[in-house]
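Written below as structure tokens is the structure these notes are about.
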Amino acid sequence: MQLNVKNLKVSYGNIKALHGLDFSIDAGEIVTIIGANGAGKSTTLRAISRMVPSESGSVIEFEGKDVLSYTTDKVVTRLGISHVPEGRRIFGNLTVTENLTLACFARKDTEQIETDKKWVFDLFPRLEERKNQISGTLSGGEQQMLAVGRGYLSGRKIMILDEPSMGLAPLLMLEMFDALKEINRHGTTILLVEQNARLALKFAQRGYVIEHGKLVLEGPADKLLDDPEVKKAYLGA
Numbered sequence: 001m002q003l004n005v006k007n008l009k010v011s012y013g014n015i016k017a018l019h020g021l022d023f024s025i026d027a028g029e030i031v032t033i034i035g036a037n038g039a040g041k042s043t044t045l046r047a048i049s050r051m052v053p054s055e056s057g058s059v060i061e062f063e064g065k066d067v068l069s070y071t072t073d074k075v076v077t078r079l080g081i082s083h084v085p086e087g088r089r090i091f092g093n094l095t096v097t098e099n100l101t102l103a104c105f106a107r108k109d110t111e112q113i114e115t116d117k118k119w120v121f122d123l124f125p126r127l128e129e130r131k132n133q134i135s136g137t138l139s140g141g142e143q144q145m146l147a148v149g150r151g152y153l154s155g156r157k158i159m160i161l162d163e164p165s166m167g168l169a170p171l172l173m174l175e176m177f178d179a180l181k182e183i184n185r186h187g188t189t190i191l192l193v194e195q196n197a198r199l200a201l202k203f204a205q206r207g208y209v210i211e212h213g214k215l216v217l218e219g220p221a222d223k224l225l226d227d228p229e230v231k232k233a234y235l236g237a
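full-length UniProt numbering numbers the first residue of the sequence shown as 1 and each following residue consecutively.
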């Protein structure tokens, strides 16, 4: 397995956010985590990328390495784990090209960087059209494209995404998930948190369901789509 999480516990002060999660992801997979607001989905991603501290006894291993021994920046530059956060968080005062260039700051493979930038522009032609435009003036969909492109350039082994469809019109939403499929076909593992559970489960190969910081269900995505409890709680059926 590529990513192995065991007994993951996170607290915010006296509030327990995660109560000992266990899950794993194989290289090349697309896996989604679904659950209600406040269930602990985003916290799980932030723990993996070391943006929030995990409690004693938590285990996060990536390709056999102890993720908890790395700082947040080294999780990206040394391990190849990129995090596309909710809300995009691009550098709005910089151009599209400058945002993408910053994503490569720790990389030494200059020729491959240029190849990868071209690939991102091929994947998102609108970014190439706006490569010299200040990012803060892009539409919401274009900013999400930039956030995903930046994530791909910064650490290509696994990409963890938090609500990539948020705020997007239906057509743009589908285009974004098509692009993520292409990124996966290009060799990047994907772990996705998504409020649109139906879309996420149609996109992913496997899924995990979190409630109140606990893992309550897991399985192939198509099986979860047909699960009566999942339908009732998350699919509006």
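Even for Gly, the Cβ is constructed at its ideal location relative to N, Cα and C. Please read all numbers here as calculations on a predicted model, not as lab measurements.
Problem set entry | Neighbour-count burial assignment, Arg-156, 16 or more Cβ in a 10 Å radius | buried
Problem set entry | Endpoints, the alpha helix (DSSP H) within which Thr-115 is located | 110-123
For this session: Please determine if the segment 165-174 and the segment 115-123 are in contact, where contact requires at least 3 C-beta pairs separated by less than 8 Å.
Result: no
Problem set entry | Opening and closing residue of the alpha helix (DSSP H) in which Ala-221 lies | 221-226
Exercise. Based on Cα-Cα distance, which residue from Ile-113, Gln-112, Gln-143 lies nearest to Arg-126?
Worked result: Gln-143
Exercise. So residue 261 is in the beta strand (DSSP E); what residue range does that whole segment cover?
Worked result: For residue 261 there is no data in the structure shown, the boundaries of the chain being 1 and 237.
Problem set entry | DSSP-derived helix/strand/coil call for Leu-201 | helix
Problem set entry | Where Ile-81 falls, given that 16 or more other Cβ within 10 Å makes a residue buried | buried
For this session: With Ile-34 as the anchor, note down where its beta strand (DSSP E) starts and where it stops.
Result: 30-34
Problem set entry | Cα-Cα separation between Thr-77 and Thr-188, rounded to whole angstroms | 15 Å
Exercise. Is Gly-92 buried or exposed, if buried means 16 or more other CB atoms sit within 10 Å of its CB?
Worked result: exposed
For this session: Please check the pair Leu-235 and Ala-200, which I expect to be a contact at CB under 8 Å, by giving their CB distance rounded to whole angstroms.
Result: Contact flag wrong, Cβ pair sits at about 11 Å.
Problem set entry | For Ala-17, three-class secondary structure by DSSP | strand
For this session: Use the C-beta contact count for Gly-207: other C-beta atoms within 10 angstroms, 16 or more gives buried, fewer gives exposed.
Result: buried
For this session: Would you mind reading off the limits of the alpha helix (DSSP H) that contains Phe-177?
Result: 170-185
For this session: Measuring alpha carbon to alpha carbon, tell me which of Thr-101, Leu-161, Glu-129 ends up nearest Ile-48.
Result: Leu-161
For this session: Would you decide whether Arg-185 is buried or exposed? Buried here means 16 or more other CB atoms lie within 10 Å of its CB.
Result: exposed
Exercise. Which of helix, strand or coil does DSSP assign to Met-51?
Worked result: coil
Exercise. Exposed or buried, what is Ile-15 when buried is set at 16 or more other beta-carbons lying within 10 Å of its beta-carbon?
Worked result: exposed
For this session: Count the other C-beta atoms from every protein chain shown that fall within 10 angstroms of the C-beta of Gly-213, then say buried if there are 16 or more, exposed otherwise.
Result: buried
For this session: Tell me, please, which residues DSSP counts as bridged to Gly-207.
Result: Thr-32, Gly-219
Exercise. What residue from Arg-130, Val-67, Phe-203, Tyr-70 has the CA that sits closest to residue 240's CA?
Worked result: The chain is shown from 1 up to 237; residue 240 falls before or after that span and cannot be answered.
Problem set entry | Per-residue DSSP class, three states only, for Asn-99 | helix
Problem set entry | the segment 34-52 in contact with the segment 93-104 per 3-pair CB rule at 8 Å | no
Exercise. Does the Cβ-Cβ distance between Leu-3 and Ile-158 come in under 8 Å?
Worked result: yes
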